[in-house]
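In what follows, a structure is listed as structure tokens, so that the remarks can point back to it.
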Amino acid sequence: MSTDTAEALAPSISNTVNAKRRDLVLRIAVPSIAIIVLVVIWGGYVTLSGVPPYILPGPLAVANAFVADWGTLAPALWVTTKVTFMSLMLALVGGVGFAIFLVQSRWIEIAFYPLAVILQVTPIVAISPLILIYAPSTQVALLICAFLVAFFPILSNMVQGLKSVDHNLINLFELYGASRWQTLLYLKLPAAQPYFMTGLRIGGGLALIAAVVAEFAAGSAGAGSGLAFRLLEAQYRLNIPRLFAALLMLSMLGVAIFAVTSFISWLSLHRWHESSLRREN
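This note's numbering applies: residue 844 is where the sequence shown begins, and numbers increase by one.
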């Protein structure tokens, strides 16, 4: 590249970098300002209305409870986090494996896909008592409940992705004598990656929701209990600041899961897929 060409491209590169930085700052600053405004409105309403803390605590009371009850809430957060991520990992393995199994034959899909639909449309609260009866332990029951909820979005998106491969490319692979597994490994799985990432983001949030609902249904208590039990405990004791602190922890965990899954999706797709490519117009 000549010196003149490099000098001509330098302003364009600099503008692109500055645009990316501005976009990043806006993505962080705007939501942060909105949250701060809402917290200020919340605190102002509590102060001016004089509502008692056992009805609606202020932000300072919640912050104090967050710090004071950290020794109680942090182990519960770890239990819920562990159940969420373990169930999500199981759902990823099971959903992808079962999706690959389903697309091998039209008859296999007709026979087994309705079973997955039945599991999805059946409320987890309705079948959790049966799971609690037959599971060897409460932790296993929580894993099963969270797995069942996170499983179907991953399965459904993966099946759709595997079935959405360009038929011209499939014919090209057949023309060159590629085997079924070579076509799956080098064509169908890469083509289904955007669908898989969508299922991952959905399944991550649902795994957390299912873990909390399963803890509510199981009614597990004691040292190995999760944040759901701490929510109920705080409600029964009218310790509303602790309840809000536990809710804040759950929200932060959900945001963290969404951020991690979105970052994984961006790493996988930003170099080649249309949904993640940055456009100038």
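C-beta atoms are modelled at their ideal positions from N, C-alpha and C, and glycine is treated no differently.
Neighbourhood of residue i by C-beta, 6 Å cutoff - its chain only, sequence neighbours within 5 removed
i	result
Phe-1059	Ala-1071
Pro-896	Ala-904
Gln-1003	Tyr-1038
Met-844	Confidence at Met-844 is low in this model, with a pLDDT of 49, below 50, so the placement of that residue should be treated as unreliable; the coordinate-derived value is given next. Excluding sequence neighbours, Met-844 sits near nothing in its chain.
Arg-1085	Ala-908, Asp-912 and Ala-1077
Glu-1017	none
Lys-1031	Leu-1005 and Val-1008
Ser-1108	Met-1040
Ala-849	Confidence is the limiting factor: at Ala-849 the pLDDT is only 48, short of 50, which leaves the residue's position unreliable and the question unanswerable from this model.
Cβ neighbours of residue i in the same chain (closer than 7 Å, five flanking residues each side left out)
i	result
Leu-998	Gly-938, Phe-941, Ala-942 and Ala-959
Lys-863	none
Ala-989	Val-926, Thr-927, Ser-930, Ala-1050, Ala-1053, Ala-1054 and Ala-1057
Ile-974	Ala-984, Ile-987 and Cys-988
Thr-1104	Leu-1043, Arg-1044 and Gly-1047
Leu-852	Caution applies to Leu-852, whose pLDDT of 48 falls short of 50 and renders its modelled position unreliable; the value that the coordinates give is listed next. Contacts found: none.
Thr-1041	Asn-1000
Leu-1081	Tyr-897
Contact test: residue i Cβ vs the ligand PLP heavy atom, cutoff 6 Å
i	result
Ser-980	In the structure shown, the ligand PLP is absent, as is every other ligand, since no ligand is present at all.
Sequence-distant residues of its chain with Cβ nearer than 8 Å to residue i (five each side left out)
i	result
Ile-1083	Pro-896, Tyr-897, Ile-898, Leu-899, Pro-900 and Ala-1077
Ser-1007	Ala-1034, Ala-1035 and Tyr-1038
Thr-1151	This structure does not reach residue 1151, given that the chain is present from 844 up to 1124, and the question cannot be answered.
Phe-995	Gly-938, Ala-959, Val-960, Leu-962 and Gln-963
Leu-935	Ile-997, Leu-1043 and Gly-1046
Rounded Cβ spacing between residue i and residue j (contact assumed at less than 8 Å)
i	j	result
Leu-835	Leu-962	This structure gives no information on residue 835, because the portion of the chain shown stretches from 844 to 1124.
Ala-993	Gly-1069	Going by Cβ atoms, the distance from Ala-993 to Gly-1069 rounds to 16 Å, so no, they are not a contact pair.
Ile-951	Phe-944	7 Å
Leu-916	Ala-1088	6 Å
Gly-886	Pro-902	5 Å
Residue interval of the alpha helix (DSSP H) (run including residue i)
i	result
His-1113	Per DSSP, His-1113 belongs to no alpha helix (DSSP H) and is neither H nor E.
Pro-1003	In the sequence as presented, Pro is not what sits at residue 1003; that position holds Gln. Start and end: 981–1006.
Ser-971	967–977
Arg-1023	1023–1026
Arg-1073	1070–1079
Ser-948	Element bounds for Ser-948: n/a, residue is neither H nor E.
Val-1056	1036–1061
Val-910	902–911
Leu-1015	1010–1018
CB contact below 7 Å: residue i versus chain C
i	result
Ile-967	Structure shown: chain C not included; a single protein chain is present.
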